[in-house]
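According to this note's numbering, the sequence shown is numbered sequentially starting from 1. No residue lacks a Cβ here, since even glycine has one placed at the ideal position from N, Cα and C. First comes the structure, then the notes that go with it.
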Amino acid sequence: MRSKTFFIVLVSLICLFSKTDIAVGQAKKIKLGIISISPLLPVFLAQEKGWYQEAGLDVETIEMKGGATIIPALIGGSIEIGFSNIISIILARSAGLDIKIICGSHNEGYTKKAGEPGGYATSSTGLLVLQDSGVRGAKDLEGKKIAVNTIKNIDWMAAWEWMEKNNADPKKVIWVETDFPKMIPALMGKKVDAVQAVDPEKTILRSQGAKLLVNPLNDLRPGLIVASFVAKDDWISKNPDQVQGFFTATAKAQDYLNVHPEEREKLSIQYSRISPEIIKSITFSQWMSKVDLEKMHFLVKLCQKHGLISKSPDLENLIYKTAK
1 MRSKTFFIVL VSLICLFSKT DIAVGQAKKI KLGIISISPL LPVFLAQEKG WYQEAGLDVE
61 TIEMKGGATI IPALIGGSIE IGFSNIISII LARSAGLDIK IICGSHNEGY TKKAGEPGGY
121 ATSSTGLLVL QDSGVRGAKD LEGKKIAVNT IKNIDWMAAW EWMEKNNADP KKVIWVETDF
181 PKMIPALMGK KVDAVQAVDP EKTILRSQGA KLLVNPLNDL RPGLIVASFV AKDDWISKNP
241 DQVQGFFTAT AKAQDYLNVH PEEREKLSIQ YSRISPEIIK SITFSQWMSK VDLEKMHFLV
301 KLCQKHGLIS KSPDLENLIY KTAK
């Protein structure tokens, strides 16, 4: 009897490990282009929890400069999915590039807090200057150097709009493309006069004495969609199960982090190697896997205003069914 029981257990274990090996062997490799900012924490969580693996995916993250460089990599075929700011996505689609949003990422929050520039506390981005810079407002930035990760993206546009709104001429600014991590030495070393930074760099700079002038994205419009995950049309049509799997695992991680602040802090410490004290001060975005069409139309109009596009892309076709 004992021998029979042992045999049944042994067979069960063999079957279990065989299924696991098959699952690992069948996992579809996906190269995902990302940038090093806190809004991408759900990707790392989904990897850690094995949620991508459960969806039959082996997701490899490849760090890149920003949406303006990630989309060309996507079109060139060196990555299957890319994380990009929403303006770069709109520009790409308007230029005839066949890409679609398969999963939303994050919206800038709109919780107000007394004493914060503009009255908003929940923003992962900010325009910062040194305390002794003499910069008190938008007009003081004319003739100065402002670092943005890429020109003609959403951060650049938000800073531009804020200056115009405050009677300053953004055309008189020297816009300097700078990777987010390099913004810290650029500002502290006075190589630029201001930076449009994203957390964790925003919070690190504030801890080192930099002054937050404004949260341009919240000033532009509270709750604005900022970035999304995109893929090429033909890849989507050939790999609908992979798209659905990526969306399901990523959305699950986003929802989880929205209600588990302790997990956000833990992941931030793990992947950024920043002190826990600074991590506790970071403002995390609100993750949204679905895309708000009305907010997309708002951004399209801004692109048209700035002469970046002549006509609106078909937003219905820009957003794949998983993100609607």
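Please say whether residue 102 and residue 236 have beta carbons closer to each other than 9 Å?
Indexing the sequence shown from 1 puts residue 236 at position 236. Indexing the sequence shown from 1 puts residue 102 at position 102. For residue 236 and residue 102, yes; Cβs fall inside 9 Å.
How is the alpha helix (DSSP H) around residue 231 delimited, first residue to last?
Indexing the sequence shown from 1 puts residue 231 at position 231. No alpha helix (DSSP H) holds residue 231; the beta strand (DSSP E) holding it covers 225-232.
Which residue's Cα is closest to the Cα of residue 60: 72, 28 and 207?
Numbered from 1 along the sequence shown, position 60 holds the residue referred to as residue 60. The shortest C-alpha separation from residue 60 is found at 28.
Please state if the CB of residue 322 and the CB of residue 55 are separated by a distance shorter than 9 Å.
What you label residue 55 is simply residue 55 of the sequence shown in a count that begins at 1. What you label residue 322 is simply residue 322 of the sequence shown in a count that begins at 1. Here residue 55 is not near residue 322, since their CB atoms are 9 Å or more apart.
Among 316, 273, 246 and 289, whose alpha-carbon lies nearest the alpha-carbon of residue 47?
Within the sequence shown, the letter at position 47 stands for residue 47. It is 246.
Going by C-alpha to C-alpha distance, which of 279, 317 and 304 sits closest to residue 87?
Counted from its first residue, the sequence shown places residue 87 at position 87. With distances taken between Cα atoms, residue 87 lies closest to 304.
Looking at C-alpha atoms only, which residue of 62, 90, 279 and 57 is the closest neighbour of residue 307?
Within the sequence shown, numbered from 1, the residue matching residue 307 stands at position 307. Here the closest residue by C-alpha is 90.
For residue 256, I'd like the list of residues in its chain whose CB is within less than 6 Å of its CB, leaving aside the five on either flank, ordered along the chain.
To locate residue 256, count along the sequence shown from 1; it is residue 256. Around residue 256: no qualifying Cβ.
For residue 61, list the residues DSSP reports as bridge partners.
Translated into positions along the sequence shown, residue 61 becomes position 61. Beta-bridge pairing links residue 61 to 32.
Going by CA-CA distance only, name the one from 320, 80, 105 and 190 that's closest to residue 131.
Taking the first residue of the sequence shown as position 1, residue 131 is located at position 131. Residue 131 has its Cα closest to that of 190, out of 320, 80, 105 and 190.
Counting only the same chain and skipping the five closest in sequence on each side, list residues whose C-beta sits under 6 Å from that of residue 85.
For the purposes of this step, residue 85 is taken as the residue at position 85 of the sequence shown. Within the same chain, residue 85 has close Cβ partners 67, 153, 154 and 227.
Mind checking residue 264: buried by the 16 CB within 10 Å criterion, or exposed?
On the sequence shown, position 264 is the one that residue 264 refers to. It is buried - the Cβ of residue 264 has at least 16 other Cβ atoms within 10 Å.
Determine, using beta carbons only, whether residue 230 and residue 62 come nearer to each other than 9 Å.
If you number the sequence shown from 1, residue 230 lands on position 230. If you number the sequence shown from 1, residue 62 lands on position 62. In this structure, residue 62 does not lie closer than 9 Å to residue 230 by Cβ.
How far does the alpha helix (DSSP H) with residue 165 in it extend, from its first residue to its last?
Counted from its first residue, the sequence shown places residue 165 at position 165. From DSSP, the alpha helix (DSSP H) with residue 165 extends over 154-165.
Leaving aside the five residues before and after residue 212 along the sequence, list all residues of the same chain whose C-beta is less than 7 Å from its C-beta, in chain order.
As a position in the sequence shown, residue 212 is number 212, starting the count at 1. Same-chain partners within the cutoff: 117, 126, 128 and 206.
Apart from the five residues on each side of it in sequence, which residues of its chain come closer than 8 Å, Cβ to Cβ, to residue 234?
To locate residue 234, count along the sequence shown from 1; it is residue 234. Cβ neighbours of residue 234 beyond the five flanking positions: 98.
Which word fits residue 106, buried or exposed, when buried means at least 16 other C-beta atoms lie within 10 angstroms of its C-beta?
Translated into the one-based positions of the sequence shown, residue 106 becomes position 106. Flag for residue 106 reads buried.
Give every residue of the same chain whose Cβ lies closer than 7 Å to the Cβ of residue 280, excluding the five residues on either side of it in the sequence, and list them in chain order.
Looking up residue 280 in the sequence shown gives position 280. If we look at residue 280 and ignore the five residues flanking it on each side, its Cβ neighbours are 265.
Could you give the residue range of the alpha helix (DSSP H) that holds residue 272?
Position 272 of the sequence shown holds residue 272. Unbroken alpha helix (DSSP H) run through residue 272: 261-272.
Pull up the distance between the alpha-carbon of residue 3 and that of residue 258, whole angstroms please.
Reading the sequence shown from its first residue, position 3 is the one you call residue 3. Reading the sequence shown from its first residue, position 258 is the one you call residue 258. For residue 3, the predicted structure reports a pLDDT of 41, less than 50, and the residue's modelled location is therefore unreliable. A value from the coordinates is still provided. Each residue's Cα considered, the two are about 51 Å apart.
What residue from 199, 238 and 143 has the CA that sits closest to residue 172's CA?
Stepping through the sequence shown from its first residue, residue 172 is reached at position 172. It is 143 whose Cα lies nearest to the Cα of residue 172.
Using the C-alpha atoms, what's the distance from residue 296 back to residue 313?
Position 313 of the sequence shown, counting from 1, holds the residue named residue 313. Position 296 of the sequence shown, counting from 1, holds the residue named residue 296. Taking the straight line joining both Cα atoms gives about 10 Å.
What does DSSP give as the partner residue(s) for residue 147 in the beta ladder?
Position 147 of the sequence shown, counted from the start, is the residue given in the question as residue 147. Beta-bridge pairing links residue 147 to 176 and 195.
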